[in-house]
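J.: I have a structure here, written as structure tokens, and I will follow up with some questions on it.
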Amino acid sequence: MGEQRPLIAGQEGNSPLSRGIIVIPAFEEAPRIGGVLRSIRASGQPEEILVIDDGSGDGTALVAGDAGARVISHPFNLGYGAALQTGYKYALRHGFEYVVQMDADGQHLAGEIPLLREPLLLGQADIVVGSRFIMVSGYEPGFARGLGRLLFHWLGRLAGIHITDPTSGFQALHRRAFELFCGDAFPVDFPDIDVLLLAHRRGLRLREVEVNMASSPRGSSLHSGIMPIYYVYKMMLSLWVSSIEERRAKDAGPDL
Amino acid sequence: MQAPIYDLERLREVLLAAPEAASTRAMAIVGSVAIFLVILVLVRHRKLREEYTPIWLVMAVGTVVISVWNDLLRAITRAIGAWTPSSTIFFMGELFLMTICLHYAVRLSSLGRQVKNLAQEVAMLREESGRHPRTPD
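Residue numbers (my numbering), protein chains in the order written: chain P, 1 to 256; chain C, 1001 to 1137.
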């Protein structure tokens, strides 16, 4: 299976997935975004690169543009989830067939993009999540947050999802997935297992692959700002809402 | 027969039967009519969108009716088990404010969603029109 067959855009024509785009949401990342973009270029990925500047005031957009990326700038700060979604909408509108999303702070390694891309191109999954089973350096979620994670990991298992790192910003998505995420149900702050559940319920196939992650140079993940209790509350609420939506869909189903 | 020292039921009756001071009544009527007129003016000059007018008009009419027809207020007070007409007014006022707040919260949620979608659209259009500072072609 994992042989030397060329999987990627090199082969034109009958390859069903040939146009991909790397989506990088960035907020105040001017000091780091240049290095991230250069490392992607240097690792020779075939995808185009799109940076979503989420209303940064530090020239992130200029640095990214100078480094050769396409840049979309939000007129003001909308949130990490909204920036991702702008990337999805752009990809959908411009006919891209898959999206690879990664963070702008350098914690995801460009050399590992093929690990995420491969299951998509082989048609084995619609969403591939890069998980930090292995940490290059310590990642310490707080106690309550750790508890919350455990709880939702368990809920996810109940729902039939086996994803250990649902908040990972390092993912690859088939068009089927990012098209779904262009809807208003996609959270503007931090997509989490709620989004994966939504995809799972719509019949999309999820897959997790192991990746290495450098600890964020800022020393904290994007999510550390959310209070743990609010996090647990938000997850409970969105799981409940999505279960209602599912029930409605089921009820409506046979009548049609 | 010796009455109990505190006959709460009788005390309540006394409070409910207490006549309303003429000045209170005058103030209530003037105030509520003024609110009603202000709302009418706002609607007329389209400062208040039609969508918002029903709840405000109902509130204004209700206030006028209650300040004129005092027995109605007493009847409501009796029915909901309150002791004084003023508690009834505060209670209804609170209900009204909560309804309005909830309504605004719903509106704000949908406005937030619309603003997000618009901002995304603007950002994409700007990229497509090449008006972004130094976007490479």
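Just so you know, even glycine gets a beta-carbon here, dropped at the ideal spot from N, CA and C.
1) Taking C-alpha atoms, which residue in C:P1085, C:A1022, C:V1033 and C:A1060 lies nearest to E1013 of chain C?
2) Out of P:L37, P:D54 and P:G59, point me to the one whose CA is closest to H108 of chain P's CA.
3) Since E210 of chain P sits in a beta bridge, which residues does DSSP pair it with?
4) Applying the criterion that 16 or more other CB atoms from any shown protein chain within 10 Å of the CB defines a buried residue, is L198 of chain P buried or exposed?
5) I49 of chain P to L92 of chain P, Cα distance in whole Å?
6) How many Å lie between R132 of chain P and V99 of chain P at the Cα?
7) Under DSSP, the alpha helix (DSSP H) around D189 of chain P begins and ends at which residues?
8) Ends of the beta strand (DSSP E) at H174 of chain P?
9) Candidates P:D66, P:D58, P:L17 and P:Y88: which alpha carbon is nearest I24 of chain P's?
10) Can you tell me which residues form a DSSP beta bridge with A26 of chain P?
11) To which residues of the same chain is I134 of chain P closer than 6 Å at the C-beta, ignoring the five residues directly before and after it?
12) Under 8 Å between the Cβ atoms of I1076 of chain C and T1088 of chain C?
13) Does the Cβ of D165 of chain P have 16 or more other Cβ atoms within 10 Å, making it buried, or fewer, making it exposed?
14) Return the CA-CA distance between R1113 of chain C and L180 of chain P, expressed in angstroms with no decimal places.
15) Give the interface partners of R1126 of chain C over in chain P, defined as CB-CB distance under 9 Å, in chain order.
16) Give the residues of chain C in contact with D184 of chain P, contact being defined as C-beta atoms less than 7 Å apart.
17) Can you find a CB in chain C that lies within less than 8 Å of the CB of Q101 of chain P?
18) Would V129 of chain P and L120 of chain P be called neighbours here (beta carbons separated by less than 8 Å)?
19) Under 8 Å, CB to CB, which of the residues in the region 81-112 of chain P have a partner in chain C?
20) Does any C-beta atom of chain C lie closer than 8 Å to the C-beta of V188 of chain P?
21) Along chain C, in chain order, which residues have C-beta atoms closer than 8 Å to that of L78 of chain P?
22) So what does DSSP say about A1017 of chain C, is it helix, strand or coil?
23) I'd like to know whether the C-beta of A1123 of chain C is nearer than 8 Å to at least one C-beta of chain P.
T.: With the given structure in hand:
1) Here the closest residue by C-alpha is C:P1085.
2) P:L37
3) P:S131
4) buried
5) 15 Å
6) 20 Å
7) That residue, D189 of chain P, is in no alpha helix (DSSP H); it is neither H nor E in DSSP.
8) Q171 to H174
9) Minimum Cα distance to I24 of chain P is reached at P:Y88.
10) P:D53
11) Unreliable placement is indicated for I134 of chain P, whose pLDDT of 45 sits below 50; the coordinate value is still reported in the next sentence. Its chain contains N212 as the residues whose beta carbon lies nearer than 6 Å to that of I134 of chain P, once the 5 sequence neighbours on both sides are disregarded; these appear in chain order.
12) yes
13) buried
14) 16 Å
15) I72, S73 and P75
16) R1113
17) no
18) Taking 8 Å as the Cβ cut-off, V129 of chain P and L120 of chain P do not qualify as a contacting pair.
19) A82, Q85, T86, K89, Y90 and R93
20) Taking CB atoms only, V188 of chain P has a neighbour in chain C less than 8 Å away.
21) K1116, A1119 and Q1120
22) helix
23) yes
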